[in-house]
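First comes the structure, then the notes that go with it.
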Amino acid sequence: MTVRVRMAPSPTGFLHVGTARAALYNWLYARHNGGTFIVRIDDTDLERSTKEYEDEILGSFRWLGLEWDEGIEVGGPHGSYRQSDRMGRYAELAGGLVESGHAYYDDRSAEELETLRQRAQAEGKHPGHYIRRSERKADGGVIRLSIPQDDPVEFNDLIRGNLSFAPVDIDDFVILRSNGTPTYHLASTVDDLDYQITHVARGEDLLPSTPKHILLTRALGGSEPVYAHLPLLFGTDGKKLSKRHGATALAEYREQGFLPAAMFNYLAILGWSPDGETTIFSREEAVEKFDLVNVSKNPAAFDPEKLAWMNGEYIRAMDTTVFAQLVRPFVEAELGRELESDEWETFGEIAPLVQERTRLLPEAGNQVMFLFEDFDSYDEPSWDKVMTKDGVAAVLEQGRQVIEGLGSWNAESVETALRAMPEKLGIGAGKTFQPLRVAVTGSSVSPPLFESIAALGQGKTLERIDRARAKLG
RNA sequence: GGUCCCGUCGUCCAGAGGCCUAGGACGCCGGCCUUUCAAGCCGGAAACGCCGGUUCGAAUCCGGUCGGGACUGCCA
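So the first sequence is numbered by the working numbering: it starts at 716 and just counts up by one.
In C-alpha cells:
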C-alpha cells in the first residue's frame, strides 16, 4: 500500500508550533515510506477563515522545508484541495446518508436538546438517552449521523494501540449545518476518502472524534485509514502552550532569527528520537529513521531554551560566509541603512568569532554594531566595580599611546602591543583590557578585544578611546 | 459529571523482564581554559507517582489508586 498522508490546517490563525510538528511528522512518514504528502485547506468555517492566514501557513510549511506533492497551489488528481470549493460534494453526500437511513434531519433547538440532556441525567440515564433518534421527523435543520448501537467501535492506533469506544458514548453528531455547510467531521472524512488518505496522523485532541469519523466513513461505504494520534504540546510548566511560554506561532520564531533546520530538528525531537542518544540530526537521518509507531505517547513541553541552544549548534556548524550573510540583514535593520562594502569586509574579519558566541541571529548583529556606529552609553558600573576612576583613566591614556604608536595594524600586532601594558601599569590583564573593551565597544561583553580593535581600525579606535576619556571627565 | 488518553531526572528523549548501582540532551551547580561573554573540556546534583500482584528476578507484565490532560459545539 502506497502511503498517502495529509496535513489539513484551518486558515483561522497563524500556524501553531503544534500543528507544525504534526505536519512535520506526516511529512517524515511520507518521505520515509516513499509516499505522498498532501496539503489541503480545511476552511469550512467560512466566518473565521482568511486568505492571509492561508498564505502565512503555507509560507511557514515552506520555510520548514515541508514541500508537498499534492494539494493546495500544487494540484493533483482529485480536484480542489480547498474545502470551500467542495461544499456541494459534502451537502450531496450528507443528503445521500439521509436517503440511505444513516443520517437524519434534526430541527430541534439547542434549548430543547439541553432539556432532554438534563432530564436524562436527572433520571440517571446516559446524557444522550433522549436525544438520539433514528427515525426521520423533520425536513429542515441540521443533519446528524445516526450512530448504530450494536458493536463498539474499535481501531488500532499506530501510537496508542488498540482502542475501543462504546456506541452509547458517541452522540448523533452534526454533519451538515442548517446553512448547508459541512462540519469539520464530514468535510474531513469525505476528503480523506476522496483523496485516498491511508494514514491520518493528527493531534490527540481528535482522539475522541475518531470513532465518529470511522462510523461516518463506513456509512459512506468506505474503509477508514490508519490513525496515529500524536501527543499534544504544552508549555514547560505543563500548562497549555500560550504566549506566556514565548511564541506559539511558527512564523514568530522565524522572525526572531531561528534557523529552519534547527526548528525542524527541535520539533522532530519533541516526541520522537532516532535512538535515544542522538539529539542533533539532519533531515535525511530523520527521514531514514522515522516511524510513527516510535512516536512517544506522552505530551511534550515546548522548551524555547533548548530550541535556542539547538539553534546555536546549527549556527556554529554552518559555513562562516553563509553565517555572515544571514546576519547582515539584522545589522542593516538595526543600523537603518545598508552596509558599505568596506564595512561588510570589516564584519567578515570577526564573523568567525561572532559565530561562536551566537545562538540567535539578531544577537550576532548586536555584537558587531560597535563597528559601524558610535555610542554614548557605556557599561560604566563594571569599571567602578573592579577599579577606581583614576585607574581607568590611566589605562585609557596608556592604551591610547600604545595604539597610536602602532606601525603595522593587525590583530597580532595589536595584541603584542597591548599585552605589554599590564606589566607596565602594574595591574592585572583583566583590569587592563576591560576598560579598553568598554571604551572601544561600549560593552563589557564583546567579541575578543584584539580582533575587535583590529577590525575597527586604528583611527576609529583612537577616536573611541578619546570619547571614553571625555565621558570619564 | 461522563468517555477516552497519559504517568522515567525541572524539561525532552532512551529503556519493549535480568545488559539499570536507569543512559543521552537542555537547563542547573562546580572546575579547567581565558582579556569579557560564549564555545570547548572535566566533574556533580537530579527520575522509574503510589499500593498490591505475577515472576527466581519488574522501570518494563497485570490490577487498583492517585495525579495530569483531551473531548463532551451547527470550532477545528
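Glycine is no exception: its CB is placed at the ideal position from the N, C-alpha and C atoms.
- DSSP places Ser-879 in the uninterrupted beta strand (DSSP E) bounded by 876–880.
- One Cα belongs to Phe-1062, the other to Gly-972, and the distance between them is close to 18 Å.
- Asp-821 counts as buried, since no fewer than 16 other beta carbons sit within 10 angstroms of its beta carbon.
- Under the three-state reduction of DSSP output, Met-722 falls in the strand class.
- Rounded to whole angstroms, the Cβ separation of Phe-880 and Leu-860 is 14 Å, and the two are not in contact under 8 Å.
- In the assembly as shown, Thr-759 is a buried residue. Its beta-carbon has 16 or more other beta-carbons within 10 Å.
- Here DSSP, grouped into helix, strand and coil, assigns Leu-948 to strand.
- If you look at Asn-741, you'll find it in the alpha helix (DSSP H) that goes 732–747.
- Bridge pairing for Arg-859: Tyr-819, Val-889 [DSSP].
- Contact between Phe-729 and Ala-966 holds, since their C-beta atoms are separated by about 6 Å, short of 8 Å.
- Shown here for Arg-1074: same chain residues with a beta carbon closer than 6 Å to its own, the five before and five after excluded, namely Ala-1023, Asn-1026, Gly-1027 in chain order.
- In the DSSP assignment, Val-1160 falls outside any beta strand (DSSP E) and carries neither an H nor an E.
- A residue is called buried once 16 or more other Cβ atoms fall within 10 Å of its Cβ, and Arg-848, having fewer, is exposed.
- For Arg-933, the uninterrupted alpha helix (DSSP H) run begins and ends at 925–934, by DSSP.
- Collapsing the DSSP output to three states places Gly-794 in coil.
- The DSSP-derived three-state label of Gly-1027 is helix.
- In the three-state reduction of the DSSP assignment, Thr-751 falls in the strand class, which pools E and B.
- Sixteen is the threshold: since fewer than 16 other Cβ atoms of the shown chains lie within 10 Å of the Cβ of Asn-894, the residue is exposed.
- Residue burial is scored here from C-beta neighbours: Phe-1005 has at least 16 other C-beta atoms within 10 angstroms and is therefore classed as buried.
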